[in-house]
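Participant:
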Amino acid sequence: MPTLLGSLRRLVLAPALEEVTFARRGFPGAASAATARLEAIPQAVVCGFEWGIDARDQWEVERRLAMVDAELRGFAYEGATMAFTVRDVMPGGGARRTRDLLLGPGQPHIFLAYIGIGFAMARLPRPLWKKVLPDLSGTPYHPTMSWLAVDGYGFDLAYFHTRTWVDGQRVPEAYPWLGDSGYFTRAADQGIGRALWFIHGARTGDVSAAVRAFASHRQPDLWSGVGLAATFAGGCDGEALDALGEEAGEHRAHLAQGSVFAVKARHYAGFLPAHSEAAGAVLTGLSVPDTVALADDTADADYEIWRGRIRAHFSTEKAGR
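Each residue of the sequence shown is one higher than the one before, counting from 683 in this note's numbering.
1) Hey, how far is the Cα of residue 986 from the Cα of residue 995?
2) Which of the three DSSP states is assigned to residue 950 in this structure?
3) With a threshold of 6 Å on Cβ separation, who are the neighbours of residue 981 within its own chain once the five nearest residues in sequence on each side are excluded?
4) For the candidate residues 770, 793, 782, whose alpha-carbon lies nearest to that of residue 802?
5) Relative to the C-alpha of residue 872, which residue among 892, 781, 910, 846 is closest?
6) To test your reading of the DSSP string, which unbroken alpha helix (DSSP H) runs of 4 or more residues are found completely within the segment 698–725?
7) For residue 932, count neighbouring Cβ atoms within 10 angstroms of its own Cβ and tell me buried if that reaches 16, exposed if not.
8) Can you check whether the CB of residue 947 is closer than 8 Å to the CB of residue 793?
9) Are the beta-carbon atoms of residue 860 and residue 822 separated by less than 8 Å?
10) From residue 984 to residue 827, what does the alpha carbon distance come to, in whole angstroms?
11) Which of the three DSSP states is assigned to residue 969 in this structure?
12) What do you get for residue 882, buried or exposed, if any count of 16 or more other CB atoms within 10 angstroms of its CB means buried?
13) Mapping the DSSP letters down to three states, classify residue 688 as helix, strand or coil.
14) Chain D beta carbons: is any one of them nearer than 8 Å to that of residue 947?
15) Please return the same chain residues whose Cβ sits closer than 7 Å to the Cβ of residue 640, not counting the five positions on each side in sequence.
16) Using a Cβ-Cβ cutoff of less than 6 Å, which residues in the same chain neighbour residue 810 once the five nearest sequence positions on both sides are dropped?
17) Please name the residue, chosen from 789, 715, 744, 869, that lies closest to residue 936 on a Cα-to-Cα basis.
18) Excluding five sequence neighbours on each side, which residues of the same chain lie with their C-beta closer than 7 Å to the C-beta of residue 716?
19) Please state the DSSP three-state secondary structure of residue 855.
20) Between residue 914 and the rest of its own chain, which residues show a CB-CB distance below 8 Å, the 5 nearest in sequence each way excluded?
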């Protein structure tokens, strides 16, 4: 049952479902089956946020999330994590909702949950950012994959402020996430790359052109984000994905690395849609078991070292042909 304070927070912070549609955002291209599929993703995030920001207790949120279709459930957890993060960092917020969610039913969706923390960051003053990351010590991928929060922050900037962050190619201001200010903008670019997949409706030619419009030093991380979105969210067929790989050119290993992370995240959540399996096979040339093994065997506490090891696999593979 909604609370008055929760409803006020929702009105201030959450976009309406219509606000995340491509038409309302002014994204290029005609409506299609692909855009309808992709629009359902931010709409699931909005639903999760509304449930999380209004709920009186976690049980209520968990029950609502459990009723979401398996393919979209992780995105709804993104939204709920965003809401709990906002509530936790506010004065008197309690500061345990996010931790309890992610130590419980949210753990399988931890990759997307970190992205939800990034969505909260995009709406919170920077002085509060030091409080957004819950202590998940002892759980898998913490704090290594918390860089996905920065990815989520970059996605949010590009999706909701496209003219500034995509057309104008503004660079996010650095922040010492996990003590590393220098890497912050790179992680944000990975999120901007993911957003390009949505902004251009999974039309691979347009996505590729959008990536190439950025400064050359930013393109590798953008391609990584594209690979993650193309695999996790889907929206095009194998022929188009083949073309995407060709378009990536020298950055194909970055595209493949993003795809590996997407397959790993989907597999860890316990549901791998057919489109994700198919996209991963095209972009990496690997089966699902081999993709998961590659992610696990190269894992490192340093996020960029982990990414680099995955890229090295594809660079070495290409050199050996």
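Ideal Cβ placement from N, Cα and C applies to all residues, glycine included.
Facilitator: Well, looking at it:
1) 14 Å
2) helix
3) Hits under 6 Å: 988.
4) 770
5) 910
6) If we require 4 residues or more, the alpha helix (DSSP H) runs fully inside the segment 698–725 come out as 704–707.
7) The residue in question, residue 932, is exposed, as its Cβ has fewer than 16 Cβ neighbours within 10 Å.
8) yes
9) no
10) 9 Å
11) coil
12) In summary, residue 882 is buried, with 16 or more beta-carbon neighbours lying within 10 Å of its beta-carbon over all protein chains present.
13) Note that residue 688 has pLDDT 48, beneath the 50 cutoff, so the model's placement of it is unreliable and no number is given.
14) The structure shown contains no chain D; it holds only a single protein chain.
15) There is simply no residue 640 to check, as the chain begins at 683 and stops at 1003 in what is shown.
16) 771
17) By alpha-carbon distance to residue 936, the top candidate from 789, 715, 744, 869 is 869.
18) Once the five neighbours on either side are set aside, the close Cβ partners of residue 716 are 883, 884, 917, 918.
19) coil
20) So the qualifying residues of the chain are 944, 947, 948, 958.
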